[in-house]
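Input: a single structure, listed below in structure tokens.
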Amino acid sequence: MQKNHEISHAKSWINKLAAMDAHPKLTGILQSSRIMTQQYAAYCRLQNLMAFTYSQVSHQQLLADTLAASGCDALICDQRHYPALWYMLHQIHRPMLVILNQEVWTPDWCWQFDHHQFLCQQDLL
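Position 38, counted from 1, in the sequence shown is what our numbering calls 188; the numbers after and before it change by one each time, with no gaps.
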């Protein structure tokens, strides 16, 4: 995906989160691109949404513990972070909203996490 297209999607995702009846308390941003991480964080600030970023894919247990302790209830995740996401979703049992921002359609593996809600690009239409 081209960067300007990704940036426009970032704005759309954050606008969608801000428009939800129940705003997320805390949004985790798991992106491999530093530019995209900064864009998501900036759009969250503009919409008065709290967000944190995490880039260390090698510390899966730390990420899961941080999310569990923080009350994070929404994640925006790119494909590079899927291994950490899968690990984390197995560890966290409260419902979370997970945005898979690089997927057009919901991947089949999402069905094994039936207590979480997944959104993909099709949900922006």
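Even for Gly, the Cβ is constructed at its ideal location relative to N, Cα and C.
Computed from a prediction, not measured in an experiment: that's the story for all the values here.
Helix, strand or coil for residue i? Go by DSSP, reduced to three states.
{"i": "residue 242", "result": "coil"}
{"i": "residue 250", "result": "strand"}
{"i": "residue 275", "result": "coil"}
What's the call for residue i, buried or exposed, on a 16-neighbour Cβ count within 10 Å?
{"i": "residue 201", "result": "buried"}
{"i": "residue 170", "result": "exposed"}
{"i": "residue 265", "result": "exposed"}
{"i": "residue 160", "result": "buried"}
{"i": "residue 165", "result": "exposed"}
{"i": "residue 234", "result": "buried"}
{"i": "residue 196", "result": "exposed"}
{"i": "residue 163", "result": "buried"}
{"i": "residue 249", "result": "buried"}
{"i": "residue 231", "result": "buried"}
{"i": "residue 239", "result": "buried"}
If you measure between the beta carbons of residue i and residue j, is that distance less than 9 Å?
{"i": "residue 247", "j": "residue 225", "result": "yes"}
{"i": "residue 227", "j": "residue 176", "result": "no"}
{"i": "residue 173", "j": "residue 180", "result": "no"}
{"i": "residue 255", "j": "residue 272", "result": "yes"}
{"i": "residue 267", "j": "residue 252", "result": "no"}
Legend entry - the stretch 214-222 in contact with the stretch 189-196 per 3-pair CB rule at 8 Å: Fewer than three Cβ pairs drawn from the stretch 214-222 and the stretch 189-196 lie within less than 8 Å of each other, which leaves the two stretches out of contact.
Inset, instruction - Any chance you could list the alpha helix (DSSP H) runs of at least 4 consecutive residues sitting entirely within the stretch 174-240, in chain order? - result: Those alpha helix (DSSP H) runs which fall completely within the stretch 174-240 and span 4+ residues are 184-196, 210-220.
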